[in-house]
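What follows is a single structure, written as structure tokens, with notes after it.
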Amino acid sequence: DAKTAISQFKQEPEGNLSILCAAEFCDLQLRHVFLQYMRSNPKVKLRVSLVQDLTDQRIDDFDLVITSSSSEELSSYAHYSSEKIVSLGYSLVASPRFLENQTLRKLSDLETLPFIAYQPSAEKKLLFQDSEFRVMSIIPNPVLETDSFWLAWQACIDGLGIACFPTYFIGSNIHNGQLVPLFPDHSMPDGSLQLLYPKQGIHVPALRKLSELLRIEIGTFTTEYFKPEEANRFFSDHPILKAPDLFRPV
37 DAKTAISQFK QEPEGNLSIL CAAEFCDLQL RHVFLQYMRS NPKVKLRVSL VQDLTDQRID
97 DFDLVITSSS SEELSSYAHY SSEKIVSLGY SLVASPRFLE NQTLRKLSDL ETLPFIAYQP
157 SAEKKLLFQD SEFRVMSIIP NPVLETDSFW LAWQACIDGL GIACFPTYFI GSNIHNGQLV
217 PLFPDHSMPD GSLQLLYPKQ GIHVPALRKL SELLRIEIGT FTTEYFKPEE ANRFFSDHPI
277 LKAPDLFRPV
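Given below as structure tokens:
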């Protein structure tokens with residue numbers, strides 16, 4: 037009833053929380069959220085387990101699952117409630133070192149230039165949409181395929197190829213000029229970060245508090261990190277991007 041709900045809302049979180057999330061997402065972005073939660077909720081004990089792929093993963097033993105899996109992939113977990121935290125965009129990037137030695141004028145050039153495939157899909161293709169909502173499909177030329185973010189990231193930073201990463205992973209590298217966004221007038225399909233939890237689980241104070249913190253911290257982080265105007269600034273300021281027609285939208 038209402039009194040019980042109010043009492044639970046005011047109750048100080050305590051007990052145990054078992055969490056499952058993608059390994060690299062935890063290492064890159066969630067560490068500070070978990071540590072902040074622990075400082076604010078000292079009576080809650082966390083158990084954080086990491087996994088590379090949620091597919092075929094048994095999740096019944098967890099109070100919370102943090103995933104970027106697609107809606108189709110989540111359909112097999114109908115007995116869990118799902119909550120979208122934030123949309124996740126993707127950025128096509130290359131390092132200044134790579135761009136100094138390569139000519140990239142149109143999207144189709146991606147099919148011949150070295151490409152670093154992070155978490156390559158079975159379809160082996162990239163989809164782009166221009167300002168007139170026309171969709172283009174590009175099959176890149178991978179010189180490296182890997183599920184390791186750090187390996188793909190370092191290869192891209194070192195100028196070994198073009199790569200496509202979730203923007204929340206590389207926003208700082210774009211801001212400091214280590215990576216340059218390519219074709220900012222073309223968008224790529226967005227994903228989303230989802231929370232999965234047992235249907236009655238969100239009423240548990242410890243879980244509700246963590247859910248609220250994730251929405252605040254991750255939502256702010258991903259939406260402020262990279263905007264189209266930032267890409268335009270890079271294109272105007274970066275010396276190797278001043279050649280006429282370079283990176284003009286197709």
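Residue numbers (my numbering): 37 to 286. Think of the CB as a built atom: it goes at the ideal place given N, C-alpha and C, for glycine as much as any other residue.
Would you mind working out which of the options sits nearest residue i, comparing C-alpha positions?
| i | options | result |
| --- | --- | --- |
| leucine 56 | Gln72, Pro49, Lys79 and Asp96 | Asp96 |
| serine 173 | His222, Phe134 and Asn212 | His222 |
| leucine 128 | Val69, Lys120, Pro150 and Leu53 | Pro150 |
| proline 156 | Ile175, Phe164 and Leu143 | Ile175 |
| asparagine 209 | Gly51, Leu66, Leu187 and Ser131 | Ser131 |
| histidine 194 | Pro178, Gln214, Lys161 and Phe185 | Looking at the sequence provided, one finds aspartate at residue 194 rather than histidine. It is Gln214. |
| leucine 231 | Phe98, Trp189, His68 and Gly197 | Phe98 |
| glutamine 88 | Phe219, Pro202 and Phe185 | Phe185 |
| serine 167 | Pro220, Lys161, Lys142 and Gly197 | Pro220 |
| serine 144 | Glu136, Leu162, Leu135 and Val69 | Leu162 |
| glutamate 50 | Gln65, Met74, Phe169 and Lys142 | Met74 |
| isoleucine 206 | Leu64, Glu48, Ala58 and Val101 | Leu64 |
| alanine 242 | Ala59, Leu100, Lys235 and Leu135 | Leu100 |
| valine 59 | Glu48, Pro234, Leu82 and Leu86 | Correcting the residue identity first, residue 59 is alanine in this sequence and not valine. The residue with the shortest Cα to Cα distance from alanine 59 is Leu86. |
Determine the direct distance from the alpha carbon of residue j to that of residue i, and round the result to whole angstroms.
| i | j | result |
| --- | --- | --- |
| valine 330 | serine 54 | For residue 330 there is no data in the structure shown, the boundaries of the chain being 37 and 286. |
| valine 216 | alanine 191 | 14 Å |
| lysine 79 | threonine 103 | 26 Å |
| phenylalanine 61 | alanine 153 | 17 Å |
| tyrosine 204 | glutamate 181 | 20 Å |
| glutamine 165 | valine 171 | 4 Å |
| arginine 133 | asparagine 52 | 48 Å |
| alanine 199 | tryptophan 189 | 8 Å |
| valine 240 | arginine 67 | 22 Å |
| phenylalanine 113 | arginine 94 | Note that residue 113 is tyrosine in the sequence shown here, rather than phenylalanine. If I take the Cα positions, the gap works out to 10 Å. |
| serine 228 | valine 122 | 6 Å |
| proline 225 | isoleucine 252 | 23 Å |
| leucine 196 | asparagine 177 | 12 Å |
| asparagine 77 | serine 247 | 13 Å |
| glutamate 119 | glutamine 138 | 43 Å |
| tyrosine 126 | arginine 244 | 29 Å |
| proline 202 | asparagine 212 | 17 Å |
| leucine 249 | phenylalanine 70 | 9 Å |
| leucine 187 | leucine 140 | 23 Å |
| tyrosine 116 | leucine 124 | 22 Å |
| leucine 82 | tyrosine 233 | 15 Å |
Give the secondary structure of residue i by DSSP, where H, G and I count as helix, E and B as strand, and everything else as coil.
| i | result |
| --- | --- |
| arginine 244 | helix |
| methionine 172 | strand |
| isoleucine 95 | coil |
| phenylalanine 201 | strand |
| glutamine 190 | helix |
| glutamine 236 | coil |
| phenylalanine 212 | As written in the sequence, residue 212 is asparagine, which differs from the phenylalanine given in the question. Of the three classes helix, strand and coil, the one that applies to asparagine 212 here is coil, per DSSP. |
| glutamate 253 | helix |
| glutamate 50 | coil |
| serine 167 | coil |
| serine 76 | helix |
| leucine 100 | strand |
To which residues does DSSP link residue i through a beta bridge?
| i | result |
| --- | --- |
| valine 87 | Ala58 |
| glycine 195 | Glycine 195 is not bridged to any residue. |
| asparagine 177 | Pro150 |
| leucine 82 | Leu53 |
| leucine 71 | DSSP, once it has assigned bridges, lists no residue as partnering leucine 71. |
| leucine 217 | The sequence shown places proline at residue 217, rather than the leucine named in the question. Answer is Val129. |
| glutamine 230 | Thr103 and Lys120 |
| serine 223 | Gln165 |
Item to check | Completely contained beta strand (DSSP E) runs for the stretch 114–164, where each covers 3 or more residues | outcome: 116–124, 126–130 and 150–154
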